[in-house]
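For the sequence shown, my numbering gives the first residue as 2, with consecutive numbering after it. One structure is given below, encoded as structure tokens.
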Amino acid sequence: MYRKTIKELKDRAVKLGAKESKVIEVKTVKTAAWVRYKCQFGCPIFAGCLTCPPYSPAPDETQKILNSFQKAILIHCQKGSSRFREIAKIVLEIEKEAFLAGYYKALGMGAGPCRLCAECNLTGECLHREQARPSMEACGIDVFCTARNNGYTIDTLDSTTCRADYFGIVLIE
2 MYRKTIKELK
12 DRAVKLGAKE
22 SKVIEVKTVK
32 TAAWVRYKCQ
42 FGCPIFAGCL
52 TCPPYSPAPD
62 ETQKILNSFQ
72 KAILIHCQKG
82 SSRFREIAKI
92 VLEIEKEAFL
102 AGYYKALGMG
112 AGPCRLCAEC
122 NLTGECLHRE
132 QARPSMEACG
142 IDVFCTARNN
152 GYTIDTLDST
162 TCRADYFGIV
172 LIE
């Protein structure tokens, strides 16, 4: 018996600061090999932390993990770059609360690079393994397709000052 419903956990994400969250079917989450190339050939900190490629799970491995779940909570935050940190905290808290509520398989992924350390310990173990989570895109998830599959209107940015959408996910069963 679960101590909280998935809907209660979804609502909790909004109370923690998300703009919106939805319970989704995991089959709507799409992986694609090209997503990691966008990290490698587009992100200035590629290979700069242990939660990013090439250290994060590859798309085929991520798909195997997704195949172990039917439901997830898709978490939406909006606005500036501080949302990377905010969504990471929300995802981690929902994952923790889900686990404590009896969803022992709960597993979260945030957005963007990890910001827990000023400099990542690339030559050793993660110093914050209990808090660090890879982003959806670092694991090969096509965030645009996944968001659109679940009713969100999301498009590429046309400037660095316009509203940005950030998504995280907690796989839950």
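Yeah, the Cβ is synthetic: ideal placement off N, Cα and C, and Gly gets one too. Please read all numbers here as calculations on a predicted model, not as lab measurements.
Beta carbon of residue i, beta carbon of residue j: below 7 Å?
| i | j | result |
| --- | --- | --- |
| residue 103 | residue 4 | yes |
| residue 143 | residue 34 | no |
| residue 29 | residue 141 | no |
| residue 159 | residue 79 | no |
| residue 117 | residue 133 | yes |
| residue 122 | residue 23 | no |
| residue 19 | residue 66 | no |
Counting C-beta neighbours from all protein chains within 10 Å, is the total for residue i 16 or more, i.e. buried, or is it exposed?
| i | result |
| --- | --- |
| residue 50 | buried |
| residue 6 | exposed |
| residue 37 | buried |
| residue 82 | Note that residue 82 scores a pLDDT of 48, beneath 50, so its modelled location is shaky; the value from the coordinates is reported in the next line. Exposed is the call here. |
| residue 8 | exposed |
| residue 52 | buried |
| residue 70 | buried |
| residue 119 | exposed |
| residue 54 | buried |
| residue 46 | exposed |
Expressed to the nearest angstrom, what Euclidean distance is found between the alpha-carbon atoms of residue i and residue j?
| i | j | result |
| --- | --- | --- |
| residue 174 | residue 131 | 20 Å |
| residue 96 | residue 168 | 15 Å |
| residue 1 | residue 127 | Missing from the structure shown is residue 1; the chain here goes from 2 to 174 and no further. |
| residue 113 | residue 99 | 22 Å |
| residue 74 | residue 154 | 17 Å |
| residue 21 | residue 124 | 37 Å |
| residue 16 | residue 149 | 23 Å |
| residue 91 | residue 43 | 26 Å |
| residue 61 | residue 172 | 17 Å |
| residue 87 | residue 11 | 16 Å |
| residue 147 | residue 26 | 10 Å |
| residue 136 | residue 111 | 4 Å |
| residue 14 | residue 101 | 15 Å |
| residue 156 | residue 145 | 7 Å |
Going by the DSSP bridge assignment, what does residue i pair with across the sheet?
| i | result |
| --- | --- |
| residue 77 | 21, 168 |
| residue 138 | Bridge partners of residue 138: none, in fact. |
| residue 72 | 26, 173 |
| residue 147 | In DSSP, residue 147 forms no bridge with anything. |
| residue 32 | 142 |
Does any C-beta atom of chain D lie closer than 7 Å to the C-beta of residue i?
| i | result |
| --- | --- |
| residue 33 | The structure shown has no chain D; it contains just one protein chain. |
Ends of the alpha helix (DSSP H) at residue i?
| i | result |
| --- | --- |
| residue 10 | 7-16 |
| residue 61 | 60-67 |
| residue 122 | Here residue 122 belongs to no alpha helix (DSSP H), and DSSP marks it neither H nor E. |
Looking at the secondary structure, which residues open and close the beta strand (DSSP E) in which residue i lies?
| i | result |
| --- | --- |
| residue 108 | 108-110 |
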